[in-house]
Amino acid sequence: MLLPFDYVRARTKEDAVNLAIEAGPNGSFLAGGTDLFVRMYDRQHKPKILIDVKEIEGIEGIECQNGEDLSIGAASPLNMLVRNKFIRSEYGLLAQAAHSVGSLQVRNRASIGGNICNASPAADTAPTLLVYEAEIETWGPKNSRLISIGEFFTGPGKTVLEQGEFVHKIRIPKKDTESYGVYLKLGRTNSVDLSIVSVACLALASGEVRIALGAVASTPIRVRKAESVLLNSKDEEAIARAASLAREMAVPITDIRAGEEYRLEMTEVMTGNAIRQALAGLAAIGEVK
Ligand SMILES: Cc1cc2nc3c(=O)[nH]c(=O)nc-3n(C[C@H](O)[C@H](O)[C@H](O)COP(=O)(O)OP(=O)(O)OC[C@H]3O[C@@H](n4cnc5c(N)ncnc54)[C@H](O)[C@@H]3O)c2cc1C
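Numbering follows numbering that gives the first Met the number 0, with no gaps: position 225 of the sequence shown is 224.
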């Protein structure tokens with residue numbers, strides 16, 4: 000059973016900040032509620048005031064035009080991303096990651112902002128946002144700020160967000176080169192489970208290969224040392240070396256989903272597979288053009 004709480008709907012950005020500051024540690028922002036209500040039900044979190052952000056202007060919806068940054072309202076449900084034609088064709092990796100979350104019903108409520116503010120090391124959109132080098136646009140007591148996704152997570156359940164600050168939009172820089180992305184997720188079951196290991200890999204026509212891992216460290220991580228091996232060579236030896244470096248950079252724990260050693264092993268296997276698939280996908284785009 001849930002403990003009693005008050006519900007307030009913020010109408011503007013300023014309203015949300017003021018309500019959150021007034022509520023202090025008793026307040027919690029609410030988007031889809033798919034994570035928050037589970038934690039409240041389990042008594043891991045006991046907010047007395049929920050501040051619904053979904054009516055704030057610009058917090059829901061996708062603005063994407065060719066030649067500009069992709070801007071996604073933080074409260075946009077993940078299924079909105081999955082169904083958006085521009086995201087599917089130009090930022091396919093994000094659509095894959097969003098589609099891997101929970102079930103159809105969960106994705107209809109679960110927002111991309113909630114997914115990252117939750118700050119689970121296993122959050123499925125996080126590795127993808129890391130390889131797209133997304134920026135998080137927030138609104139808070141000090142007005143607006145842009146935070147690089149690489150600096151956003153500070154630990155399990157922790158972010159750099161300050162008291163009263165919420166995520167308004169997520170910005171992904173415009174594509175200036177062709178790319179192909181692959182998201183691989185290993186769970187205990189094929190659906191409706193958090194990752195044991197996840198890998199996002201983005202191969203760019205510029206020659207860069209970006210790799211990020213989920214569920215194998217206290218936050219989602221970009222593994223730049225592994226990426227650097229692929230700058231000069233993309234042969235099987237280089238791929239194996241990059242995969243092995245990704246394993247070295249992982250610092251997983253043993254929990255109810257999997258043991259540390261299994262996670263390490265799968266990090267290496269899945270990183271190798273993700274690189275191969277991303278490079279093959281990029282090569283195939285080259286062939287059809
Ligand atoms: C059955 C089930 C399966 C799931 N499967 C997966 C899965 O496979 N992969 C996965 O990654 N997650 C999964 N989840 C977790 C959850 O659905 C996602 O993390 C989801 O994206 C959270 O979004 P939400 O809008 O529901 O967030 P909420 O529950 O509304 O909020 C989550 C947290 O973020 C804060 N918050 C929300 N929006 C903002 C904002 N704009 N600014 C500041 N703080 C904010 C809230 O205060 C709260 O602390 C699952 C959950 C369930 C119940």
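Built from N, CA and C at the ideal position, the CB exists for glycine as well.
Sub-8 Å separation of residue i and residue j beta-carbons
i           : j           : result
residue 18  : residue 26  : yes
residue 213 : residue 91  : no
residue 208 : residue 200 : yes
residue 185 : residue 269 : yes
residue 129 : residue 211 : yes
residue 100 : residue 114 : yes
residue 299 : residue 216 : With the chain represented from 0 up to 288, any question about residue 299 goes unanswered, as that position is not in the structure.
residue 239 : residue 271 : yes
residue 80  : residue 94  : yes
residue 253 : residue 247 : no
residue 117 : residue 78  : no
residue 229 : residue 242 : no
residue 251 : residue 152 : no
residue 256 : residue 171 : no
Member of the options whose CA lies at the smallest distance from the CA of residue i
i           : options            : result
residue 85  : 99, 70, 74         : 70
residue 166 : 2, 15, 10          : 15
residue 318 : 221, 285, 255      : In the structure displayed, the chain extends from 0 to 288; residue 318 sits before or after that span and is not available.
residue 136 : 145, 255, 128, 129 : 145
residue 42  : 1, 29, 24          : 1
residue 168 : 186, 158, 73       : 73
residue 47  : 89, 22, 281        : 22
residue 68  : 89, 230, 81, 28    : 89
residue 28  : 121, 254, 164, 171 : 164
residue 149 : 162, 133, 140      : 133
residue 5   : 49, 39, 40, 45     : 49
residue 8   : 31, 53, 37, 39     : 53
residue 31  : 44, 56, 76         : 76
residue 176 : 40, 202, 119       : 202
residue 263 : 244, 228, 280      : 244
residue 55  : 117, 12, 33        : 12
residue 233 : 281, 265, 256, 193 : 281
Near ligand 1: residue i beta-carbon under 7 Å from a heavy atom
i           : result
residue 151 : no
residue 33  : yes
residue 27  : yes
residue 214 : no
residue 14  : no
residue 142 : no
residue 101 : yes
residue 63  : no
residue 112 : yes
residue 117 : yes
residue 256 : no
residue 229 : no
residue 4   : no
residue 159 : no
residue 77  : yes
residue 81  : no
residue 166 : yes
residue 93  : no
residue 193 : yes
residue 108 : yes
residue 41  : no
residue 30  : yes
According to DSSP, residues forming a beta bridge with residue i
i           : result
residue 28  : 50
residue 199 : 182, 211
residue 149 : According to DSSP, which records beta bridges pairwise, residue 149 is partnered with nothing at all.
residue 70  : 62, 170
residue 115 : Residue 115 pairs with nothing; no bridge assigned.
residue 143 : 138
residue 234 : Answer by DSSP bridge pairing: none, since residue 234 is not bridged.
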